[in-house]
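For the sequence shown, the positions run 95 to 312 when this note's numbering is used. See structure below.
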Amino acid sequence: MMPWVYAGLGLLILLLAGDALVKGAVNLSLRVGIPALIVSLTIVAFGTSAPELLISVNAVLDNKPGLALGNVVGSNTANILLVLGVPALISGLHTSQCDTRKTYLFMIGASVIFIGLAFRGTFDMLAGVVLLAMLGYVLADAFRDARNHRRACAAAAFNPDDEEEVEGADPDMPWWQIFVFLVLGLAGLPLGADLLVDNASTIARRYGVSDSVIGLTL
């Protein structure tokens, strides 16, 4: 019973710590003058992916590659099918007003590269370099698009403050509160990941379930 409790506690800590890290990083960036669009493209995206990153790193360090790969596949499947599916059921998502073609191509390209590397039978240093190089290209393209967008807004005498604010942004948040959010997020992520990985593996071994299945689901 206790492994289930500790695994649930680890998952809860991961969620709360990820939210705290995003809030702290977003408000820190806005306080120092980084545009909200760039914050959305980078800090929010990385902050929400930090729990999965910590889980996969801990799993690899504990010699549990199945859990690491299962976590990657499971989290991305949930992001596409669940995170898009539920909002679509509630109110619908209109993509005709967004330039989504490039995003689709990036997603397809990342999936093709992942599958190709998986067929090699191992994710070694070469695979890591390839994946991180593609990430660097995507980020560079995002920054270029963000810069062009800001220039277009300036040329049209558009007020950036009229744009939709980033979730969690609070221009009046004091510096001490930003610091607390950052500390809680950075401290809570590894703690939650360690609790979740260790106890999920214990549950898997107890019921004869492979680590990869636990990673795909939990």
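All residues carry an ideal CB built from backbone N, CA and C; glycine is no exception.
Limits of the alpha helix (DSSP H) - the one that residue i falls within
| i | result |
| --- | --- |
| leucine 315 | Residue 315 lies beyond the stretch modelled for the chain, which goes from 95 to 312, so this question has no answer here. |
| lysine 117 | 96-125 |
| phenylalanine 217 | From DSSP, phenylalanine 217 is part of no alpha helix (DSSP H); its letter is neither H nor E. |
| aspartate 305 | 305-311 |
Rounded separation between residue i and residue j - CA only
| i | j | result |
| --- | --- | --- |
| tyrosine 231 | valine 206 | 16 Å |
| threonine 313 | leucine 233 | Outside the shown range of the chain, which is 95 to 312, sits residue 313, and nothing can be said about it. |
| alanine 326 | valine 223 | Missing from the structure shown is residue 326; the chain here goes from 95 to 312 and no further. |
| proline 254 | leucine 122 | In this predicted model, proline 254 has a pLDDT of only 49, less than 50, meaning its place in the structure is not dependable enough to derive any value. |
| tryptophan 98 | asparagine 170 | 24 Å |
| valine 116 | arginine 125 | 14 Å |
Nearest-angstrom Cβ-Cβ length linking residue i and residue j, presumed shorter than 8 Å
| i | j | result |
| --- | --- | --- |
| methionine 228 | alanine 204 | 7 Å |
| leucine 153 | leucine 161 | A small correction: the amino acid at residue 153 is alanine; leucine does not occupy that position in the sequence shown. Sure, about 4 Å apart at Cβ, within 8 Å. |
| leucine 289 | leucine 103 | 6 Å |
Buried versus exposed call for residue i [16 or more other C-beta atoms within 10 Å across all chains shown]
| i | result |
| --- | --- |
| leucine 163 | buried |
| lysine 196 | exposed |
| serine 150 | buried |
| aspartate 305 | buried |
| glutamate 258 | Unreliable placement is indicated for glutamate 258, whose pLDDT of 49 sits below 50; no coordinate value is reported for it. |
| phenylalanine 273 | exposed |
| phenylalanine 252 | The predicted model places phenylalanine 252 with a pLDDT of 49, which falls under 50 and marks its position as unreliable; any figure quoted below should be read in that light. Flag for phenylalanine 252 reads exposed. |
| leucine 199 | exposed |
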